[in-house]
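Asker: Residue numbers (full-length UniProt numbering): 1 to 134. Got a structure here, written out as C-alpha cells. Questions coming.
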C-alpha cells in the first residue's frame, strides 16, 4: 500500500516519473528506506516547490496544533474516520472537524489539500511525518 500511496502522491504533485524524482521516493519505491538517502528531507520538502517551478523553499507551512497533527496522522493511518476516532477516543464528527480546520489552514496558506492523498503529501512536505513512519 505504501508504494501505491507514494506513487499517487508524486503523480498528484506533478513530478514527472522520468525526471528528477525526489531521492527519498526513489528509494522507497525501490524497496529501500527513505533514511538511506542523505538528501531525503530536503527533497521531500521541495516536492511542492519543484512542481511549481520554484528553486527556493517558500515557507507556507500552516501551524497545526499538536492535537491537529495527532488527529491527522491517526486518520492517515486509519481506514476511516470512525477507526481514527475509536483510536483517539473521540467521535467521528470531531475527527471531521479537525480535518476541516486542517484543510482550511492549508487553503489559507495557498496550498489546498482536498483529499487524503494531498494531506499525506502536505504532512510529508511540512515535516509533520516522514516516509520512515509509513
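Using N, Cα and C, we set each Cβ at its ideal position, and we do this for glycine too. Bear in mind the structure is a predicted one, so any value in this text is a computation, not a measurement.
According to DSSP, simplified to helix, strand and coil, what is residue 126?
Answerer: coil
Asker: Beta-carbon within less than 7 angstroms of residue 92's beta-carbon, same chain only, minus the 5 sequence neighbours each way: which residues are those?
Answerer: For residue 92, where only same-chain residues beyond five positions count, the Cβ hits under 7 angstroms are 81, 82, 85.
Asker: Going straight from the alpha carbon of residue 89 to that of residue 63, what length do you get?
Answerer: Those two C-alpha atoms are separated by around 24 angstroms.
Asker: Buried or exposed, going by whether 16 or more other CB atoms sit within 10 Å of the CB of residue 107?
Answerer: Exposed, because fewer than 16 other Cβ atoms sit within 10 Å of the Cβ of residue 107.
Asker: Should residue 133 and residue 122 be called a contact, given that it needs their Cβ atoms to be closer than 9 angstroms?
Answerer: no
Asker: Rounded to whole angstroms, what is the Cα-Cα separation between residue 87 and residue 109?
Answerer: 29 angstroms
Asker: Just curious, the alpha helix (DSSP H) that residue 136 is in, first and last residue?
Answerer: Look at the range of the chain in this structure, 1 to 134, and you will see that residue 136 is not part of it.
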